[in-house]
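Chemist: Numbered according to the numbering used here, the sequence shown spans residues 13 to 334.
Glycine residues also receive a C-beta, built at the ideal position from the N, C-alpha and C atoms.
I am attaching a structure below and will ask some questions about it afterwards.
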Amino acid sequence: MKYFTILLSVFFLSISLLSARIITVDNRPGAQYQTLSQAISATQEGDTVLVMGSEKVYDNINITKNRVTVIGPGYFLDENIGFQANINPAQVGQVTFNPGTVESVVQGLYITKGVSMYGKKCILERNYVSGSTSGGGGVRVENQQDSCIIRQNYINTSSSFTTLFGGSNTIYIYNNYIKASILNIEAQSGEIYNNVINTNTSIMNINYYNNIQISGNFTAPNVIPYNNIGNSIQYGSTNGNQSNVDMASVFTNDSSSTDDQYLLNPAGPAVGAGFGGIDCGMFDDSFGYKYILSGIPAIPSIYEFSSDAALENVTIKVRSNL
């Protein structure tokens with residue numbers, strides 16, 4: 013109990029300049045709230061909700077207010093050692109950006125029941141996404157949304173990743189790992205780039221470039237893909253695309269963690285093969301949003317905690333993660 017209170021206090025102090033108000037959530041004693049529904053109901057515009065890692069699963073996240081940020085500690089923390097002292101992720105149920113929500117952000121969470129995006133200019137970043145929403149679909153981009161951003165996530169769902177009702181307004185999907193039953197994106201405009209895609213893919217009205225597709229087919233009736241790499245003949249061999257590429261030559265295939273296996277082989281065919289001479293795949297940082305191992309949020313984290321039995325002499329080490 014005292015250990016977690018100390019961790020929570022230092023974590024709170026280390027990011028106290030993040031916003032006007034910071035709300036803490038831990039389903040163990042010591043935080044301001046023990047459930048996400050209570051914490052999010054208490055938010056005001058501009059607030060940040062910090063969710064502590066736990067062995068227990070939190071409830072659903074329903075964001076109805078503008079410019080609310082929800083931050084967890086990341087995922088795969090038991091594999092990528094040295095990022096967090098507490099290696100438990102913040103597991104949550106379904107995440108919903110409700111209609112009317114503007115510029116809200118969810119990051120660093122382990123999402124178990126999918127994501128539904130209705131809001132405008134909302135951001136889903138640095139999360140592990142699995143499961144399916146109550147309405148179906150692992151990631152549902154609803155017709156009401158506009159200019160949503162989905163970046164730096166590890167999406168691993170047996171359900172679909174799709175836009176609904178004839179296509180959303182504008183959508184941006186980049187620097188993700190995406191495994192789903194299908195990636196089916198139709199919009200008025202948008203971009204899909206620098207992803208690692210492990211599924212059948214169908215798109216319309218989207219700029220599509222610098223992706224690496226390790227399995228599945230590709231359908232794009234009105235889109236010209238540029239500088240993508242496929243394990244089969246998904247993209248052909250014009251416009252900088254490469255086909256029938258042995259994926260063992262593309263990645264390092266490091267088995268030390270689930271996500272670092274998709275780091276590029278420095279001598280492989282994806283390096284410098286993207287549009288404009290940048291790298292293909294999710295770890296390219298040319299636009300400042302490379303995939304981050306474990307989805308570690310861009311705030312300080314406590315990566316080492318040691319003390320005597322009485323917790324009188326305590327040593328804490330903090331990473332900036334900026």
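1) Go ahead and label residue 251 buried or exposed: buried means 16 or more other beta carbons lie within 10 angstroms of its beta carbon, across all protein chains shown.
2) Would you identify the three-state DSSP class for residue 244, choosing helix, strand or coil?
3) Per DSSP, residue 160 is paired with what?
4) Rounded to a whole number of angstroms, what is the C-alpha to C-alpha distance between residue 253 and residue 176?
5) Rounded to whole angstroms, what's the CA-CA distance from residue 403 to residue 173? Just pull it up for me.
6) Residue 259 lies in the alpha helix (DSSP H); which residues open and close that run?
7) Let me know the secondary structure DSSP gives residue 56 once reduced to three states.
8) For residue 81, which beta-bridge partners are listed by DSSP?
9) Give the range of the beta strand (DSSP E) segment to which residue 40 is assigned.
10) Helix, strand or coil for residue 140? Go by DSSP, reduced to three states.
11) Counting pairs of Cβ atoms below 8 angstroms between the region 254 to 264 and the region 277 to 292, do you hit three or more?
12) Compare the C-beta of residue 169 against all C-beta atoms of chain C and say whether one is closer than 8 angstroms.
13) Distance check for residue 158 and residue 132, CA to CA, integer angstroms please.
14) On the criterion of 16 or more Cβ atoms from any shown chain inside 10 Å, does residue 309 qualify as buried, or is it exposed?
15) Do residue 89 and residue 70 have their beta-carbon atoms positioned less than 8 angstroms apart in this structure?
16) In chain order, what residues of the same chain lie with their CB nearer than 6 angstroms to the CB of residue 66, ignoring the 5 residues before and after it?
17) At 4 residues or longer, what runs of the alpha helix (DSSP H) sit wholly inside the region 194 to 218?
18) Got a sec, what are the start and stop residues for the beta strand (DSSP E) residue 152 sits in?
Modeler: Quick look at the numbers:
1) exposed
2) coil
3) 183
4) 29 angstroms
5) The structure shown does not extend to residue 403, since the chain spans only 13 to 334, so no value can be given for it.
6) 259 to 262
7) coil
8) 60, 117
9) No beta strand (DSSP E) holds residue 40; DSSP gives it neither H nor E.
10) strand
11) yes
12) Among the chains of the structure shown, chain C does not appear; only one protein chain is present.
13) 5 angstroms
14) buried
15) no
16) 39, 100
17) none
18) 151 to 153
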